[in-house]
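Working notes for the structure below.
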């Protein structure tokens, strides 16, 4: 009788365990909360599988935002295009006009009449985000910065950027210059797929200029394994922006974050989005803005960017 009772207890316990395991296997993964380090009117983000084009995370990705120096990604696209067609070589000397030299920082502080070769110009744009170099390149390829901006917008339409208008080559404040996180993801993917031979420039963390080492702005490089580019940007009106490329373990992703309150918070947010995307079986994600007392399941789309506020306060340079 004792043996029979023990067997019955064991069988009952085993059945309960099986039911518990089965229940766990079918339970929906818990909802994750993701704190957003940005005001709702500036924030936008998207994570895209660069191989399939599938969106893996999307908040406000089609809302208009200011690109800041993400603009230089298109400036570089046209430089790479000119290298491909033979209009430029890496040794071509780009003259620096008075207008180019007069651009506000960040810049390499060229004097009017000086020049820079194309290879160095590319490095200056990817690493230093040099505004004087961006304008010099624009004037050389477009005849004027306005002419080059028209070329940039035309190229944007050609590659599928439907909601972007460029007004300058640098990303410095212009109320009519706008883009979306989705369009920036399209551009980030296009730069690698169209110009793989030049993509290494976006992985550089520093450059040598006139005998001194110039450090870059993209602290995501070297911070997370698999991150290999591509561009950061900041003006006061935009907040801190970034387009990040991840390529490891058979996954290729492009992550865009716009409107963060600081570079550090922006980078932490990119890393959080990467962890979320790469975690198998992750559930739904609800975003929470810093000023919110309750989480929001969806973020309202803004039709236009927040009013432009000019250059940042003293001590904080646009880039």
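In this note's numbering, the protein residues as written are -9 to 309.
Cβ coordinates follow ideal geometry from the N, Cα and C atoms, glycine included.
For residue i, which residues of its own chain have a beta-carbon under 6 Å away from its beta-carbon, when the five flanking residues on both sides are left out?
| i | result |
| --- | --- |
| residue 179 | 40, 244 |
| residue 267 | 37, 46 |
| residue 27 | 250, 251, 255, 259 |
| residue 197 | 113, 117, 204 |
| residue 61 | 161 |
| residue 221 | 60, 63, 233 |
| residue 25 | 278 |
| residue 248 | 34, 55, 171, 231 |
Would you decide whether residue i is buried or exposed? Buried here means 16 or more other CB atoms lie within 10 Å of its CB.
| i | result |
| --- | --- |
| residue 195 | exposed |
| residue 129 | buried |
| residue 74 | exposed |
| residue 187 | exposed |
| residue 182 | buried |
| residue 12 | Unreliable placement is indicated for residue 12, whose pLDDT of 42 sits below 50; the coordinate value is still reported in the next sentence. The residue is exposed, with fewer than 16 neighbouring Cβ atoms inside 10 Å. |
| residue 42 | exposed |
| residue 218 | buried |
| residue 192 | buried |
| residue 156 | buried |
| residue 14 | Reliability fails at residue 14, whose pLDDT of 41 lies under 50, so the model's placement of it is uncertain and the value that follows must be treated cautiously. Residue 14 is exposed by the Cβ-count criterion. |
| residue 230 | buried |
| residue 264 | buried |
| residue 81 | exposed |
| residue 223 | buried |
| residue 44 | exposed |
| residue 131 | buried |
| residue 190 | exposed |
| residue 134 | exposed |
| residue 93 | buried |
| residue 144 | exposed |
| residue 146 | buried |
| residue 235 | buried |
| residue 269 | exposed |
| residue 78 | buried |
| residue 66 | buried |
| residue 111 | buried |
| residue 68 | buried |
| residue 215 | exposed |
| residue 20 | Low confidence applies to residue 20: its pLDDT is 49, below 50, so where it sits in the model is not reliable, and the reading given next is rough at best. Residue 20 should be labelled exposed. |
DSSP has residue i in a bridge; who is on the other side?
| i | result |
| --- | --- |
| residue 23 | 276 |
| residue 39 | 243 |
| residue 168 | 155 |
| residue 100 | In the DSSP output, where bridge partners are listed per residue, residue 100 has none listed. |
| residue 269 | The partner list for residue 269 (beta bridge, DSSP) is empty, contrary to what the question assumes. |
| residue 48 | 36 |
| residue 253 | None; residue 253 has no bridge partner. |
| residue 71 | None, per the DSSP bridge assignment. |
| residue 93 | BP columns for residue 93 are empty, so no partner. |
| residue 184 | The partner list for residue 184 (beta bridge, DSSP) is empty, contrary to what the question assumes. |
| residue 59 | DSSP, once it has assigned bridges, lists no residue as partnering residue 59. |
| residue 85 | 105 |
Could you name the residues of the same chain whose beta carbon sits closer than 8 Å to that of residue i, not counting the 5 residues immediately before and after it, in chain order?
| i | result |
| --- | --- |
| residue 153 | 52, 54, 168, 169, 170, 172, 173 |
| residue 87 | 102, 125, 126, 129 |
Near residue i, what residues of its chain come up, given a Cβ to Cβ distance below 7 Å and the 5 sequence neighbours on each side ignored?
| i | result |
| --- | --- |
| residue 341 | As displayed, the chain neither begins before -9 nor continues past 309, which places residue 341 out of reach and without an answer. |
| residue 150 | 176 |
| residue 212 | 195 |
| residue 109 | 80 |
At a threshold of 7 Å, does residue i count as lining the ligand FAD (C-beta to nearest heavy atom)?
| i | result |
| --- | --- |
| residue 246 | Looking at this structure, you won't find the ligand FAD or any other ligand, since it has none at all. |
*Counting only runs that start and end within the region 110 to 160, where is the alpha helix (DSSP H) found for 4 or more residues in a row?*
DSSP assignment within the region 110 to 160 yields the following whole alpha helix (DSSP H) runs of 4 residues or more, N-terminal first: 121 to 132, 135 to 148.
*Three or more C-beta pairs closer than 8 Å, one from the region 125 to 143 and one from the region 159 to 167: is that the case here?*
Counting Cβ pairs under 8 Å, three or more are found: they touch.
_Segments of 3+ residues assigned as beta strand (DSSP E) that fall wholly inside the region 197 to 248_ = Entirely contained in the region 197 to 248, the beta strand (DSSP E) runs reaching 3 residues are, in chain order, 202 to 205, 217 to 225, 229 to 238.
*Three CB pairs or more closer than 8 Å across the region 112 to 129 and the region 90 to 98*: Output reads yes: the region 90 to 98 touches the region 112 to 129.
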